[in-house]
Amino acid sequence: MNGKSHVSSPQSETENWRDFGEHRGRILHREPLAKNVHCYVVEKPNGFVFRPGQAVELSIDEENWRDKKHPFTITSVPNNPCLEFIIKSYPTSDFPDHCGMTEHLGRDLQRGDRVIFSDAWGAIEYKGPGVFIAGGAGITPFIAILRQLEQDKAIDGNCMFFSNRNAEDVFLQSELIRTFGTRVICTLTGEAHRDYESGRIDKAWLQAHVDDFHQPFYLCGPPAMVQDIRETLQQLGAKPDSLVFEEGE
0 MNGKSHVSSP QSETENWRDF GEHRGRILHR EPLAKNVHCY VVEKPNGFVF RPGQAVELSI
60 DEENWRDKKH PFTITSVPNN PCLEFIIKSY PTSDFPDHCG MTEHLGRDLQ RGDRVIFSDA
120 WGAIEYKGPG VFIAGGAGIT PFIAILRQLE QDKAIDGNCM FFSNRNAEDV FLQSELIRTF
180 GTRVICTLTG EAHRDYESGR IDKAWLQAHV DDFHQPFYLC GPPAMVQDIR ETLQQLGAKP
240 DSLVFEEGE
């Protein structure tokens, strides 16, 4: 969850973040995945529990950064001995509400640095096999859910449409192909590339790639993208209660 969500954050449920639980962990591993996207593996505190799709409020355990919190979805599955976060860094000039936090994470934090995070909260409701549609970092709320489904041998019947601006923005493609096989399509909106489909996920695109509009649809991405696809899916016959969505940046 690199942004806005339709699940309440802990600040809206409690007046003090500490009342919701606070944990600290060292970064054990950091790996670049794509342009401005990194995977962080973090120590998992004893007794820390979460469900696939849940998020935490995270900050950097450094002076002047501890109060700059932002929600991020945990991308590892619960039985993993560590916590994993896949985070896209945004320039402060473009996203001032981040207070420079994701930019600092991506530019400066390394193995051994520490982060602070809350208890896990929220969750996307999995309503059964359907179509996952993600734009950019909007794929992160889906990752742990999909990994858990694969671990439980329950991934059949799901497919993934992953939209990015350019090829350099695509991440986890190999894992998605292993998970979905031919049931994953990566599409680019900013360039033509021989390895990807081109174009926005609009009405014509959905009609060409979806046979059944009465199944669940899981949406996360930039707010305008999510809103457009929600409206289009309903025009094509999807019921409002079959649409599960979050908004990212």
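Numbering-wise, numbering that gives the first Met the number 0 puts 150 at position 151 of the sequence shown, and it's gapless, one number per residue. Note that the Cβ used here is the ideal one computed from N, Cα and C, for glycine as well.
Query: Selected residue, minimal CA-CA separation from glycine 111, among Glu245, Ala237, Gly24; Result: Gly24
Query: Isoleucine 142 versus leucine 171: straight-line alpha-carbon distance, rounded; Result: 10 Å
Query: Test item: CB-CB of glycine 121 and alanine 223 under 7 Å; Result: no
Query: Beta-carbon spacing of isoleucine 59, phenylalanine 71 below 7 Å; Result: no
Query: Test item: CB-CB of isoleucine 123 and phenylalanine 160 under 7 Å; Result: no
Query: Beta-carbon proximity check, leucine 218 vs isoleucine 138, cutoff 7 Å; Result: no
Query: DSSP state of arginine 110 mapped onto helix, strand, coil; Result: coil
Query: Inter-stretch contact at 8 Å, needing at least 3 Cβ pairs: the stretch 229-243 / the stretch 204-219; Result: yes
Query: Buried versus exposed, by CB contacts within 10 Å (16 or more), valine 48; Result: exposed
Query: Any non-hydrogen atom of the ligand HEM within 6 Å of methionine 224 CB; Result: Because no ligand of any kind appears in the structure shown, any question about the ligand HEM cannot be addressed here.
Query: Beta strand (DSSP E) segment containing isoleucine 132, residue limits; Result: 130-134
Query: Exposed unless 16 or more other CB atoms sit within 10 angstroms - verdict on glutamine 147; Result: buried
Query: Alanine 207 classed as buried or exposed, judged by whether at least 16 other C-beta atoms fall within 10 angstroms; Result: exposed
Query: Cβ-based neighbour list, alanine 119, same chain, cut-off 6 Å, excluding 5 preceding and 5 following; Result: Phe49, Gln53, Val55
Query: Residue nearest to arginine 29 in terms of C-alpha spacing, selected from Tyr89, Cys38, Lys43; Result: Cys38
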